[in-house]
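Below is one structure, written out as structure tokens; comments come after it.
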């Protein structure tokens, strides 16, 4: 059995990564449409994070990307793949890395959490048993190992955001009490 040419495999890897980068960029742009204003809102609350909070939120992804930036360089000589594919790969990964560190907008409503430009119904989320100090860790039900959904907030807003998320997860009277407090 003959393997496909190395440059074809390089092209395919770069195309998959480019698709991921474009997909994430679309959601990044969409977040400002879904969360146009910050602070108390009719029926909910909206906040933003800073770059430092996003670095804390995505620390695991950042280390993985560092490895992914270096890894191809060890294989291009062995596989006779063009250096161009490794360079394009690294450029795309760096763009993705910048996208991870860009401050994000979040919001909670009675029925949904809005994070990363997407809406998550409260019944599809739960709080992780162990909570980190500087971010909020939710789990998406039914997602298995892909379930963690870390939420970032600036340090001065983290307590407020935790209360809103808890009220969203509990629903009913808890949510009504949060609205009355605002």
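In our numbering, the protein residues as written are 13 to 194. Ideal placement from N, C-alpha and C gives every residue a C-beta, glycine not left out.
Reference residue i, options the options, closest by Cα
i	options	result
residue 177	108, 66, 159 and 124	124
residue 165	33, 135 and 149	149
residue 26	106, 14, 53 and 52	106
residue 95	184, 21, 192 and 171	21
residue 44	102, 61 and 31	61
For residue i, the first and last residue of its enclosing alpha helix (DSSP H)
i	result
residue 160	Unbroken run through residue 160 is the beta strand (DSSP E), 160 to 163; no alpha helix (DSSP H).
residue 45	18 to 46
residue 56	Run containing residue 56: none in the alpha helix (DSSP H); it sits in the beta strand (DSSP E), 56 to 60.
residue 69	63 to 69
residue 109	95 to 113
Check whether residue i and residue j have beta carbons under 8 Å apart
i	j	result
residue 114	residue 40	yes
residue 181	residue 151	no
residue 23	residue 97	yes
residue 117	residue 58	yes
residue 33	residue 104	yes
residue 93	residue 16	no
residue 77	residue 109	yes
residue 111	residue 37	yes
Integer-rounded CB distance, given that residue j should sit under 8 Å from residue i
i	j	result
residue 127	residue 74	So it is not a contact: roughly 18 Å between Cβ atoms.
residue 163	residue 145	Actually they do not touch by this definition, with Cβ atoms about 13 Å apart.
residue 190	residue 175	7 Å
residue 51	residue 120	About 12 Å separates the two Cβ atoms, so there is no contact after all.
Endpoints, the beta strand (DSSP E) within which residue i is located
i	result
residue 51	51 to 53
residue 121	117 to 121
residue 151	148 to 152
residue 124	124 to 127
residue 131	130 to 133
Q. Does the stretch 128 to 137 come close enough to the stretch 68 to 76 that 3 or more CB-CB pairs lie under 8 Å?
A. no
Q. Would the stretch 80 to 90 and the stretch 136 to 143 be scored as touching if the rule is three or more Cβ pairs under 8 Å?
A. no
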